[in-house]
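Protein sequence lines correspond, in order, to chains A and B.
If you count the first sequence from 1, position 115 lands on 115 in the numbering used here, and the numbers rise without skipping.
If you count the second sequence from 1, position 70 lands on 70 in the numbering used here, and the numbers rise without skipping.
All residues carry an ideal CB built from backbone N, CA and C; glycine is no exception.
Beneath this line is the structure, given in structure tokens, with notes to follow.
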Amino acid sequence: MYLADSRAGTRRVSPGAGAIGATVFALGAVSLVTDISSEMVTAVLPLYLVTGLGLSPLGFGLLDGVYNGFSALVRLVGGHLADRGGGHHKTVAALGYGLSALCKPLLLLAHTLPLIGAVLAADRTGKGLRTAPRDALISLSVAPAARGRAFGVHRAMDTTGALLGPLAAFLILRQAADGYDAVFTVSFCVAAAGVAVLLLFVPGRETGAAGAARTGRARPAPGDTRGRPRSSLALLRRRPVLRLTVCATLLGLATVSDSFVYLLLQHRLAVPDRWFALLPLGTAASFLTLAVPLGRLADRLGRWRMFLAGHGALLAAYGLLLAHGPVYAVLLLHGAFYAATDGVLMAAAADAVPPELRAGGLALVQTGQALARFTASIAFGAAWTAWGDRTALTGAAVALAVVWAAAASLRPRATPVREATP
Amino acid sequence: MIMMMTKAPTRLTTRGRLLVLLTTLAVLAGVATGAVLHAADRAARKDRPQAGGPAVTAGAVTLAAAGRRELVFRNMAWGPHRDELATVPADRPAGPRTASGVRCLRFHAAGGTGICLQSVHGAVQDTYRAVVLDARLHERRHYALAGIPTRARVSPDGRMVAWTVFVSGDSYAGTNFSTRTSVLDTRTWHLDANLEDFRIIRQGHVHHAADVNFWGVTFADDTRFYATLATGGHTYLVRGDTATRTVRTLRTNAECPSLSPDGRRLVYKKRVAGRSPDAPWRLYALDLRTLRETPLAETRSVDDQVLWRDARTVLYALPGDYGADLWTVPADGTGTARRLMTAALAPAYID
Chain A
1 MYLADSRAGT RRVSPGAGAI GATVFALGAV SLVTDISSEM VTAVLPLYLV
51 TGLGLSPLGF GLLDGVYNGF SALVRLVGGH LADRGGGHHK TVAALGYGLS
101 ALCKPLLLLA HTLPLIGAVL AADRTGKGLR TAPRDALISL SVAPAARGRA
151 FGVHRAMDTT GALLGPLAAF LILRQAADGY DAVFTVSFCV AAAGVAVLLL
201 FVPGRETGAA GAARTGRARP APGDTRGRPR SSLALLRRRP VLRLTVCATL
251 LGLATVSDSF VYLLLQHRLA VPDRWFALLP LGTAASFLTL AVPLGRLADR
301 LGRWRMFLAG HGALLAAYGL LLAHGPVYAV LLLHGAFYAA TDGVLMAAAA
351 DAVPPELRAG GLALVQTGQA LARFTASIAF GAAWTAWGDR TALTGAAVAL
401 AVVWAAAASL RPRATPVREA TP
Chain B
1 MIMMMTKAPT RLTTRGRLLV LLTTLAVLAG VATGAVLHAA DRAARKDRPQ
51 AGGPAVTAGA VTLAAAGRRE LVFRNMAWGP HRDELATVPA DRPAGPRTAS
101 GVRCLRFHAA GGTGICLQSV HGAVQDTYRA VVLDARLHER RHYALAGIPT
151 RARVSPDGRM VAWTVFVSGD SYAGTNFSTR TSVLDTRTWH LDANLEDFRI
201 IRQGHVHHAA DVNFWGVTFA DDTRFYATLA TGGHTYLVRG DTATRTVRTL
251 RTNAECPSLS PDGRRLVYKK RVAGRSPDAP WRLYALDLRT LRETPLAETR
301 SVDDQVLWRD ARTVLYALPG DYGADLWTVP ADGTGTARRL MTAALAPAYI
351 D
């Protein structure tokens, strides 16, 4: 009995709607540090391949397509494993972060394109494994009324890391010309620091308000489907989850991927060459600034409404692209779209999924969205090839408007599922 | 109670965790610092001349004909003149080099005009630019580049200039690469910033696609050129016209073409089945009249756009101890490959 007591919620979350626990900041710090590490590598990868290894990386992106199906599976498996046996979220997340960290020194050893592709795939596997458990941990450690804000804080810290990563990489290369091995080593050290923060400062099983309600049970009650492999997919039988997944998937189908947005900016709005690489930074800056405010707004107005509003911002961005609108406005809207949808969707999904199946449920929604976006990318590329960029973009905008209307009418339940287990 | 005391949980207090974290961070910081210092030391070694390397002295380099045939190239030998444009007499390629002080990553020259693709050290990161040089290597104009330089060519009379850069796409995936090829008229200063804006006629039909990539331009004259087009998973040899802004595919599987001085033959690299995916190429010569392809005597994979040394021989770069060495091979499939000089890249003949 005392074990349960000592385990129950070492951090008491204040019942006030505004409080964000230390866990969210710890997870935010882990994400920040890990993103610095992975963006360091991403920023120097082209240079490394072309200048360091003397390779021609043109066929490289072909791996992406094959990998997407696999990564969907990885996500679902990660979510399911994290839910089993009372909640192994921290363990699965640690595995995911650890795998990605170990891939960095492997880059020092891989000198051919197939091997590098394999290492990058392993890195992404780690990322897929950890995303749902991490988001589940965030949602479990704050009161339901503060989830939007918590996710906003986490996403803001995450994006900060993504912005700092390239800076760190180029500072190293400034000190040591052609020092790609130094960049990979430092990236590994940073990633390892992230894993350390996770292991030391993120609470393990049974934490927060949800944990307190669950710790009374020593072993799963008969009829509890937590441990069974199908239970994640069985979540789809719950109406709120089904609606949410369907809506998120539908909206994902009409989303033009980032790389196409930047290409469109370059083709239609004639962005000068030297600024092409800065376009993702524009989106990231907008995302970073708006993540917390829009998260709080989502708590007040309703997360689903914010999610829909975010897609409205995306639609406006498409409109500006068609109308040759100002570049900064497109980037602002693009970042606002992410700020209003990325964490907010997880907050909305957390409302619909009970705590003991949280990671699996979040993984389900994420996977649906990811697969839909991937399909959308292929379709958009094909449409561009067949009819040109203008027609493809118009088609995407029309599709988004239609899907938006459908999603708005489906309207998943807005109130959170009761946290206490029966 | 006593049981609870003896079974005290092994979890640490917050102070304990901070201590573990700080210790871990200290160790990691040590490893990171060591790695950076080691790499910095290695980079510093490249600025000191290596023993047994070619003698390099600073001096004047010109792109105008001066009686004697010269070879201008990017000097890869370690020392203070690494990466500078240097020149040697064409008949003594292994002899002492004269370095100009102009740094280039890629270079080509013809007809008294040079094109130098160089990096610019910015506050945070390096950016790249294309610099058009006059005969005395003074800058005429420069243009910002969107990515890492890879190919550069000048037309035989020095009027038209083309370059190709690698542009990387998506930030999160980091694995989406494309090329951007630009063509510049140095008389009117009209720039075609992206060959992808040209009309593409592929196997008789007009072709639109988002995945089109061009690289490896070689000029026949001021309007006609050959280049490589990649789309839909295939590469094509194309012939282009800057006046009509059209390119037309000629054959598949031919990359980085280089036109002979008499305009009758092309040497390009062709992907050969059964080779490693990182080094799949072999040099082939195409007779433009008979359309017959002949493999050259160089059997190793060559990832370069060759330079015609004279009507019968081509010059190309292969990886070497100091980055790259220049090799020659006859362009008709006979003979053997010979190394011309070490530690050199991006050559051009001045005659």
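Cβ-Cβ distances below 7 Å link H111 of chain A to L53 in the same chain, with the five nearest sequence neighbours on each side left out; the list follows chain order.
The alpha-carbon separation between R237 of chain A and Q366 of chain A amounts to approximately 17 Å.
Shown here, V20 of chain B sits in a helix according to DSSP, grouped into three states.
Taking all protein chains in view, the Cβ of A51 of chain B is surrounded by fewer than 16 other Cβ atoms within 10 Å, so the residue is classified as exposed.
Taking C-alpha positions only, A90 of chain B is separated from A123 of chain B by approximately 39 Å. Pairwise C-beta distances place the segment 271-280 of chain B out of contact with the segment 308-318 of chain B, as fewer than three of them are shorter than 8 Å. According to the DSSP assignment, K270 of chain B belongs to no alpha helix (DSSP H) but to the beta strand (DSSP E) extending over 265-271.
P293 of chain A has its alpha-carbon roughly 25 Å from the corresponding atom of A359 of chain A. With respect to the 8 Å criterion, V88 of chain B and R82 of chain B are not classified as neighbours on the basis of their beta carbons. Considering only beta carbons, the part of the segment 31-54 of chain A lying closer than 7 Å to chain B consists of T42, L45, P46, L47, V50, T51, G54, in chain order. G114 of chain B places its beta carbon less than 8 Å from that of L63 of chain B. Counting every other CB atom within 10 Å of its CB across the protein chains shown gives W215 of chain B a total of 16 or more, marking it as buried. Interface criterion met: the Cβ of Q125 of chain B is under 8 Å from a Cβ in chain A. Contact between the segment 134-142 of chain A and the segment 338-351 of chain A is present: 3 or more CB-CB pairs across the two stretches fall below 8 Å.
Separation of A209 of chain B and V267 of chain B (C-alpha to C-alpha, rounded to the nearest whole angstrom) is 28 Å. Judged by beta-carbon spacing, L108 of chain A lies within the 8 Å limit of F184 of chain A, meaning their Cβ atoms are closer than that value. Residue-level contact check: R134 of chain A does not touch chain B, since none of the beta carbons of chain B fall below 8 Å from its beta carbon. Chain B has a Cβ within less than 8 Å of the Cβ of P272 of chain A.
Taking CB atoms only, P319 of chain B has a neighbour in chain A less than 8 Å away. The residue among A:G79, A:A396, A:A145, A:Y48 with its C-alpha nearest the C-alpha of L364 of chain A is A:G79. If you check the CB distance, T283 of chain A and G335 of chain A come in under 8 Å. Here the alpha carbons of R187 of chain B and R159 of chain B stand approximately 6 Å from one another. When C-beta atoms of the segment 191-200 of chain B are compared with those of the segment 235-246 of chain B, three or more pairs fall below 8 Å, so the two segments count as touching. When the Cα atoms are used, F70 of chain A and L233 of chain A turn out to be separated by approximately 17 Å. Among the bridge pairs identified by DSSP, T150 of chain B is matched with none.
The residue among A:P355, A:S377, A:V256 with its C-alpha nearest the C-alpha of G319 of chain A is A:V256.
If you check each beta-carbon in the segment 148-179 of chain A against every beta-carbon of chain B, the ones closer than 9 Å belong to A162, P166, L167, A169, F170, L171, I172, L173, R174, Q175, A176, A177, D178, G179. Rounded to whole angstroms, the separation of the alpha carbons of A109 of chain B and G96 of chain A is 52 Å. The count of Cβ pairs closer than 8 Å, one atom from the segment 145-165 of chain A and one from the segment 335-345 of chain A, reaches three, so the stretches are in contact. Nearest to A193 of chain B by alpha-carbon distance, out of B:S168, B:T164, B:F177, is B:T164.
Between W281 of chain B and S260 of chain B the beta-carbon gap is near 19 Å, outside 8 Å, which marks them as no contact. Using beta-carbon distances, S56 of chain A counts as an interface residue toward chain B, with a partner under 8 Å. By the criterion of a C-beta distance shorter than 6 Å, F374 of chain A is surrounded in its chain by N68, once the five residues flanking it on both sides are discounted. If you look at I115 of chain B, you'll find it in the beta strand (DSSP E) that goes 113-121. In summary, Q118 of chain B is buried, with 16 or more beta-carbon neighbours lying within 10 Å of its beta-carbon over all protein chains present. Scanning B:D126, B:L105, B:G111 for the CA closest to the CA of F219 of chain B turns up B:G111.
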